[in-house]
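Count along the sequence shown from 1, then add 13; that gives the number in my numbering.
Quick reminder that beta carbons are idealized off the backbone N, C-alpha and C, glycines included.
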Amino acid sequence: MDESFANLQTSHLLGSVPAVIGDDKRSTNVPIASVNEGPSANMQIFPPNLGNNSKGYQTLESPTEGPDQQPSNNWKGFFNVYSYTQYFDVDTDVVLNRLMSSLYPTSGDFFNKIDANPDLYGLVWICTTLVFVLASLGNCATYLVKKRTQSDAPWIFDVNYMNLAASVIYGYAIIVPLGFYFSLRYMGSKADLLRFWCLWGYSLFIFIPISLPLLIPVEFLRWVIILLAGGASSSFVALNLQSYLETNNDITVVMCAAFGLQMVLSIFIKVWFFP
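Here you go:
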């Protein structure tokens with residue numbers, strides 16, 4: 014090699030090429046591994062975790078449960094409260110749309126509207142409201158009848174109206190759809206208990222606004238109002254069941270049973286709360 018290139022400055026170069034070392038200059042006593050090894054690496058997480066009260070980044074650990082975080086679900090199935098929150102995840106527009114659908118019984122498309130998100134909010138809210146309406150307006154109806162027949166007779170608020178209304182309304186809205194669900198499953202037809210509860214819950218909404226005109230002290234008019242409301246509610250349930258169970262051979266029996274039970278409920282409301 015030409016010795017004129019030996020004195021060139023190499024510090025300005027970006028990279029460096031290892032010089033060729035002759036075999037006579039290579040030490041035979043040094044192991045090959047020790048030549049290739051660099052200084053031992055000490056792997057640490059930066060910045061280090063100085064304790065629970067330290068600031069900055071911490072080591073990667075499983076997230077701890079904070080005060081705003083929900084506790085882990087240890088209960089499974091029907092006893093888990095958090096598993097029912099999805100059935101109450103509806104906004105005002107959705108609920109109003111379903112309430113208006115219950116007032117148009119001939120449409121028969123209620124199951125199509127609730128197919129993506131059937132809710133239990135309507136069942137709970139409508140039944141609770143109807144219980145208080147029947148208990149309060151039922152006492153008002155007895156007060157008007159009492160004052161009309163015997164103006165001087167004392168009148169006492171009947172608290173048992175509340176217990177009777179809660180037992181009948183909640184029992185009907187829960188047990189009747191449950192009975193239809195098991196009956197249809199036994200007959201081999203498709204059935205969804207959540208959708209049935211949603212259907213029967215919204216079918217009771219019509220009895221809330223018609224409770225006020227039932228205070229009119231005209232017996233014939235009361236019967237006309239309750240029969241019209243009961244017929245609309247019964248048609249709403251029966252026609253929607255028909256569209257939902259269109260492939261079932263026993264659809265006529267199911268429709269008649271649903272229509273009849275809804276009419277029985279409407280007559281019961283008239284007889285017991287608005288005599």
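query	result
Under 9 Å between C-beta atoms of Tyr174 and Leu278	no
For Leu241 and Pro226, the rounded distance between their alpha carbons	12 Å
Inter-residue Cα distance where the pair is Ile264 and Asn110	27 Å
Where Phe195 falls, given that 16 or more other Cβ within 10 Å makes a residue buried	exposed
Rounded C-alpha distance that separates Ser114 from Thr155	32 Å
Terminal residues of the alpha helix (DSSP H) in which Gly192 lies	Asn173 to Tyr199
Unbroken alpha helix (DSSP H) run spanning Leu254, endpoints	Glu232 to Tyr257
Burial state of Tyr215, where buried means 16 or more other Cβ atoms lie within 10 Å	buried
Distance, Val237 Cα to Ala270 Cα	22 Å
Distance CB(Ser256)-CB(Phe124) smaller than 9 Å	yes
Where Ser120 falls: helix, strand or coil (DSSP)	coil
Extent of the continuous alpha helix (DSSP H) to which Thr105 belongs	Thr105 to Ser115
Between the CA atoms of Ser248 and Phe272 - distance to the nearest angstrom	7 Å
Buried versus exposed, by CB contacts within 10 Å (16 or more), Gly243	buried
Under the three-state DSSP convention, the category Ser279 falls into	helix
Residue environment, Gln163, which counts as buried when at least 16 other CB atoms sit within 10 Å	exposed
Separation of Trp285 from Pro230, as counted between CA atoms	15 Å
Neighbourhood of Leu133 by C-beta, 8 Å cutoff - its chain only, sequence neighbours within 5 removed	Tyr97, Tyr100, Phe101, Leu207, Trp210, Cys211 and Gly214
Residue range of the unbroken alpha helix (DSSP H) whose run includes Trp138	Tyr134 to Thr162
Cut-off 6 Å between Cβ atoms - residues of its own chain near Leu197, not counting five sequence neighbours on either side	Ala204
First and last residue of the uninterrupted alpha helix (DSSP H) at Phe209	Leu206 to Ser216
CA-to-CA distance, Leu136 to Asp104, given in whole angstroms	15 Å
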